[in-house]
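Report on the structure given below.
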Amino acid sequence: DTAVSQTPKYLVTQMGNDKSIKCEQNLGHDTMYWYKQDSKKFLKIMFSYNNKELIINETVPNRFSPKSPDKAHLNLHINSLELGDSAVYFCASSQARDTDTQYFGPGTRLTVL
Amino acid sequence: AQSVTQLGSHVSVSEGALVLLRCNYSSSVPPYLFWYVQYPNQGLQLLLKYTTGATLVKGINGFEAEFKKSETSFHLTKPSAHMSDAAEYFCAVSEGTALIFGKGTTLSVSS
Chain A
1 DTAVSQTPKY
11 LVTQMGNDKS
21 IKCEQNLGHD
31 TMYWYKQDSK
41 KFLKIMFSYN
51 NKELIINETV
61 PNRFSPKSPD
71 KAHLNLHINS
81 LELGDSAVYF
91 CASSQARDTD
101 TQYFGPGTRL
111 TVL
Chain B
1001 AQSVTQLGSH
1011 VSVSEGALVL
1021 LRCNYSSSVP
1031 PYLFWYVQYP
1041 NQGLQLLLKY
1051 TTGATLVKGI
1061 NGFEAEFKKS
1071 ETSFHLTKPS
1081 AHMSDAAEYF
1091 CAVSEGTALI
1101 FGKGTTLSVS
1111 S
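Residue numbers (this note's numbering), protein chains in the order written: chain A, 1 to 113; chain B, 1001 to 1111.
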């Protein structure tokens, strides 16, 4: 039974389009995250939600908007896609404490043409 | 702000040889440290973590790491490499609940 799932796994789209990536966790965790992994494999936190409330919002363009309809879901909506948005986006979840293990989804490879 | 430096973007070893992946951190508070592994086209999986207590931490797949406060290091080791260990390895420090990652080390294992 998949712990953290993301859809779609691959996403190819044109510049200027709007797209969404969905994430669901069945671990009962309080906190969910979005990370971006660039072409050099560098991972960086984008957002963090705790019990549906935004607690971390790193410096990302406001074209990126996370939405958490409930504790088990954290979706990422991206407006007006740019070439530089091409990356692998990972969703993760954990309990709320900073010692807790984060469990990662399989990633969504976004390619903007 | 906390940071992590992984020395060596690429490490190559022979099967059966010692694996040593280096990680140094910068933190103004007692750090919580993690090692994650990423196999090709997959998400990240926790290998081990240090929070408090024993400074030598054992993880999955025969890996271990030692927290050395005086050296601000958390190096990952495995006595004998296996072909299946070839992957990307990330050291991370927690900042609040977010993880701050190093740039990763690619481990190659040759037969």
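Don't be surprised by glycine CBs; every beta carbon is placed ideally from N, CA and C.
Report the rounded CA-to-CA distance for residue i versus residue j, giving the unit in angstroms.
| i | j | result |
| --- | --- | --- |
| G1008(B) | I55(A) | 33 Å |
| Q95(A) | Y1050(B) | 17 Å |
| Y1036(B) | G107(A) | 15 Å |
| H1010(B) | T1105(B) | 5 Å |
| A3(A) | A1092(B) | 21 Å |
| Q1006(B) | S1028(B) | 18 Å |
| S39(A) | T31(A) | 26 Å |
Please report the residue range of the beta strand (DSSP E) in which residue i lies.
| i | result |
| --- | --- |
| A1098(B) | 1098 to 1101 |
| D30(A) | Taken as a continuous stretch (DSSP letters only), D30(A) belongs to no beta strand (DSSP E), as it is neither H nor E. |
| C91(A) | 87 to 94 |
| M46(A) | 43 to 50 |
Taking 6 Å as the cut-off, is the beta-carbon of residue i closer than that to any non-hydrogen atom of the ligand SAH?
| i | result |
| --- | --- |
| G16(A) | Among the components of this structure there are no ligands whatsoever, and the ligand SAH is therefore not found. |
Mapping DSSP to helix, strand and coil, what is residue i?
| i | result |
| --- | --- |
| S80(A) | coil |
| E1071(B) | helix |
| S5(A) | strand |
| D1085(B) | helix |
| N1024(B) | strand |
Report the option in the options whose CA atom is closest to the CA atom of residue i.
| i | options | result |
| --- | --- | --- |
| Y33(A) | K41(A), S65(A), L11(A), V12(A) | S65(A) |
| F47(A) | T111(A), Q6(A), Y89(A) | Y89(A) |
| N17(A) | G105(A), T31(A), S80(A) | S80(A) |
| K36(A) | G1043(B), P1031(B), L1033(B) | G1043(B) |
| L1020(B) | A1086(B), G1096(B), A1098(B), T1097(B) | A1086(B) |
So, is the C-beta of residue i closer than 7 Å to a C-beta in chain A?
| i | result |
| --- | --- |
| S1094(B) | yes |
Does residue i get closer than 7 Å to chain B when you measure Cβ to Cβ?
| i | result |
| --- | --- |
| F47(A) | no |
| P8(A) | no |
| D38(A) | no |
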